[in-house]
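When we follow the working numbering, the leftmost residue of the sequence shown carries the number 490, and every step to the right adds one. Down below is the structure, laid out as C-alpha cells.
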Amino acid sequence: VIDPWCDYDSYDEYKNSISYIYELFKLNIDNNKLNDKINVYRNFSNNILPNLKNEYYDIIYIDGNHNKEYVIEDAVLSFRKLKLNGYLVFDDYACNDVKLSIDVFCKIYEKYIEIPTTQIDNQYAIKKIKQF
C-alpha cells in the first residue's frame, strides 16, 4: 500500500482527519494479523514505485491523484512492476481526466496489454500480455 496520508488544499473530503484514517488503517491491519502480508509505504507513489521490484506483482490497484500527469505517471511506473499476465486496475475511471489519461496510456501501450471485455463500474482493468 502506497499512500501519503496527507491533506491536500484542493481535496476537502477528508480534511483534518487523515491522521485518524491512517491510524485506523494500521489498526485494521494489526487486528486482522496482516502485518506479514502487507507492506505500507507512507509516501507518494513516484517516490516509492521506482524502488520496488520490477515484474513482481500479480495485481496493482491504483486509486491515486486524478490529475492527468499523475495518472499517467502512476500507470507507467506501476506497469513495470507487473508480472506477465498481471493486472493493472484503475479506480475512478468515470472521472474525465482519469479516463482520458488511462485511454492515452492504453493507446501507447496497446501492444503490451489486453483489455478485458468486462469492466466493473468505475474501475478499469488491463492485463499485461507482453514484457518490454
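No residue lacks a Cβ here, since even glycine has one placed at the ideal position from N, Cα and C.
Residue range 571-579 is occupied by the beta strand (DSSP E) that includes residue 571.
Residue 571 sits close to residue 617, with the two beta carbons spaced by under 8 Å.
Counting C-beta atoms within 10 angstroms of its own C-beta, residue 560 has 16 or more neighbours from the protein chains shown and is therefore classed as buried. Bridge partners of residue 614 according to DSSP: 578. Ranked by how close their Cα comes to the Cα of residue 592, the residues 493, 615, 494, 514 have 615 in first place. Residue range 507-520 is occupied by the alpha helix (DSSP H) that includes residue 509. Cβ-Cβ distances below 7 Å link residue 537 to 491, 530 in the same chain, with the five nearest sequence neighbours on each side left out; the list follows chain order. Looking at the DSSP output, residue 549 bridges to 577. Apart from sequence neighbours up to five positions away, the residues of its chain that approach residue 589 with a beta-carbon distance below 7 Å are 557, ordered along the chain. Nearest in C-alpha terms to residue 564, of all of 585, 574, 579, 517, is 579.
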